[in-house]
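To keep things clear, I will list the structure first and then write my remarks on it.
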Amino acid sequence: MRDRNIGKIIYTLRTCNNVSQEKLARGLCSVPALSRIEACERIPDKLLLDALMQRLGKSPDKLESIVSAGGYELYLYREKIQSHIVDGNYEEAKIVLGKYAEKKEAEEKVNKQYILKIRAALSELADKDVEKSRKYIEEAIRITMPEGGLAALENSLLSISEIQLLLMEISHYKSNDDEEVWNVLNQLNHYVKVHYTDEEELVKIYVKIARAEARILLERKRYDKAVEICESALDLLGKNGVLLNFQEILALMIEGLVHLDDQKKLHKMQKWKKH
Numbered sequence: 000m001r002d003r004n005i006g007k008i009i010y011t012l013r014t015c016n017n018v019s020q021e022k023l024a025r026g027l028c029s030v031p032a033l034s035r036i037e038a039c040e041r042i043p044d045k046l047l048l049d050a051l052m053q054r055l056g057k058s059p060d061k062l063e064s065i066v067s068a069g070g071y072e073l074y075l076y077r078e079k080i081q082s083h084i085v086d087g088n089y090e091e092a093k094i095v096l097g098k099y100a101e102k103k104e105a106e107e108k109v110n111k112q113y114i115l116k117i118r119a120a121l122s123e124l125a126d127k128d129v130e131k132s133r134k135y136i137e138e139a140i141r142i143t144m145p146e147g148g149l150a151a152l153e154n155s156l157l158s159i160s161e162i163q164l165l166l167m168e169i170s171h172y173k174s175n176d177d178e179e180v181w182n183v184l185n186q187l188n189h190y191v192k193v194h195y196t197d198e199e200e201l202v203k204i205y206v207k208i209a210r211a212e213a214r215i216l217l218e219r220k221r222y223d224k225a226v227e228i229c230e231s232a233l234d235l236l237g238k239n240g241v242l243l244n245f246q247e248i249l250a251l252m253i254e255g256l257v258h259l260d261d262q263k264k265l266h267k268m269q270k271w272k273k274h
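Counted from 1, the sequence shown has number 115 at position 116 by numbering that gives the first Met the number 0; the numbering is strictly sequential.
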């Protein structure tokens with residue numbers, strides 16, 4: 000699919016779903032910038048393209064787009080950063096993120112938000128500074144969701160990256176915030192079921208929400224409910240042939256089963272994990 004069709008696709012999806020330019024662009028880019036994209040006068044950076052498509056409930060993976068040289072360079076930086084974080088090379092990730100932040104294209108809102116999200120993750124993983132991480136998350140959310148968490152769910156269209164930020168924010172809630180935690184998670188579940196009509200994207204984001212729910216439930220020692228959610232997520236992943244996050248969900252389920260002392264199911268899940 001050539002780059003000249005990207006704007007037409009976004010325009011068609013937006014108008015077919017009765018979404019205004021103001022609502023789709025809100026927080027991501029200006030309305031004139033979106034107009035130029037839809038008129039095929041501007042090729043969006045991949046991060047912006049992903050966010051626009053996800054807000055429309057569709058998978059950006061099905062688009063083959065030509066991005067600018069600068070945009071492609073940022074994409075390669077993001078790949079390096081992700082690889083370093085997965086490998087536990089946090090200092091290397093910080094160095095690459097610093098180079099990323101120096102690029103002209105990094106001034107766009109979606110890139111600023113990405114930088115803050117990674118800084119939040121590294122603050123917690125590398126520096127063990129939860130408070131600093133929380134502040135970065137709050138700052139990142141406000142870039143495209145100025146009204147904050149619950150209000151954003153009620154009034155905005157959200158990309159997967161924005162939903163991830165809300166999940167990161169929830170992870171810092173204290174146990175006495177349980178009512179708000181479940182309120183946000185319930186609204187997130189409702190939001191993705193209504194807005195994500197592309198099953199490929201629905202699976203991706205549902206599993207991320209299920210993972211966050213399971214972690215919180217395990218912390219609260221609600222092991223039976225955590226196992227139930229993990230089982231549902233694993234079933235969905237299996238039906239759709241998706242391996243992403245499978246092992247992590249499986250590990251959370253095993254943790255819950257250990258506490259429930261369900262030896263039969265525990266043995267079965269441990270065999271799965273080995274394979």
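Built from N, CA and C at the ideal position, the CB exists for glycine as well.
Since this is a predicted model, take the numbers as computed values, not measurements.
Among the residues of its own chain, which have a CB less than 6 Å from the CB of residue i, if the five just before and after it don't count?
i	result
A119	S132, Y135, I136
A125	Y89
T196	G56
Q20	V30, L33
I84	A92
Is residue i buried or exposed, if buried means 16 or more other CB atoms sit within 10 Å of its CB?
i	result
V183	buried
V95	buried
C28	buried
L166	buried
L259	exposed
Q269	exposed
P59	buried
Q262	exposed
A24	buried
Please look up how many angstroms separate the CB atoms of residue i and residue j, rounded, as I've assumed it's under 8 Å.
i	j	result
L236	I208	About 13 Å; that fails the 8 Å criterion.
A50	S158	4 Å
Looking only at its chain, what residues have a beta carbon closer than 8 Å to the beta carbon of residue i, apart from the 5 residues adjacent to it on each side?
i	result
C229	A209, A213, I248, L249, L251, M252, G255
K93	L121, A125
V191	I162, L201, I204, Y205, I208
E227	none
Residues in its own chain within less than 7 Å of residue i by CB, not counting five upstream and five downstream?
i	result
L265	I253, L256, V257
E179	Y172
G6	I36, E37, A38, C39
L164	K116, I136, A139, I140
N4	none
Quick one: is residue i near chain C, going by C-beta distance under 8 Å?
i	result
E106	In the displayed structure, chain C is absent; only one protein chain is listed.
Original post:
Counting Cβ pairs, one atom from each stretch, are 3 or more of them under 8 Å apart for the region 137 to 148 and the region 29 to 44?
Top reply: no
Subject >> Validate contact between the region 209 to 220 and the region 70 to 78 using beta carbons, cut 8 Å, 3 pairs >> reply: no
Subject >> Segment contact flag, the region 76 to 90 with the region 53 to 61, C-beta cutoff 8 Å, min 3 pairs >> reply: Segments in contact, no.
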